[in-house]
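Okay, so here's the structure we're looking at.
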Amino acid sequence: MSDTPTPLRVTIRSATPCAPYVLNGDFEVVDGDGNPIELPPRVNQQRLSLCSCGQSAKWPVCDGTHKGMIPIAPTP
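The sequence shown maps to residues 53 to 128 in this note's numbering.
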């Protein structure tokens with residue numbers, strides 16, 4: 053058995069700069085120190101949308117707040 057982590061595919065499903073980052077597969081979300089972050093229950097344990105707009109009340113999980121935001125162009 054190898055200690056090499058399996059690569060995780062992160063899918064950005066929209067051209068909108070504040071669209072969530074969609075994780076698919078077997079994963080664990082950890083903080084900067086490597087400690088697991090407790091996530092809310094999900095229907096599909098193999099899928100998670102992470103906030104990229106910074107306005108989610110359930111951060112780091114997307115709560116859909118970005119849908120009411122005015123899109124801005126990404127900084128180059």
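Glycine included, every Cβ here is placed at the ideal spot set by N, Cα and C.
Practice item. For residue 114, collect the residues of the same chain with a Cβ closer than 7 angstroms to its Cβ; drop the 5 residues on either side in sequence, then sort them by chain order. Key: If you number the sequence shown from 1, residue 114 lands on position 62. Cβ within range, chain order: 72, 101, 102, 103, 108.
Practice item. Give me the Cα-Cα distance between residue 99 and residue 118, rounded to the nearest whole angstrom. Key: Here residue 99 refers to the residue found at position 47 of the sequence shown. Here residue 118 refers to the residue found at position 66 of the sequence shown. Those two C-alpha atoms are separated by around 19 angstroms.
Point to revise | Nonlocal neighbours in the same chain, by C-beta distance under 7 angstroms from residue 83, ignoring five residues either side | key: For the purposes of this step, residue 83 is taken as residue 31 along the sequence shown, with counting starting at 1. Counting only Cβ-Cβ distances below 7 angstroms, and skipping sequence neighbours, we find 89.
Check your understanding: Thinking just about the alpha-carbon of each residue, which of 86, 97, 121 is nearest to the one in residue 129?
Key -> In the structure displayed, the chain extends from 53 to 128; residue 129 sits before or after that span and is not available.
Practice item. Could you pull the start and end residues of the beta strand (DSSP E) that residue 101 belongs to? Key: The residue labelled residue 101 in the question sits at position 49 within the sequence shown. Residue 101 -> beta strand (DSSP E) spans 99-102.
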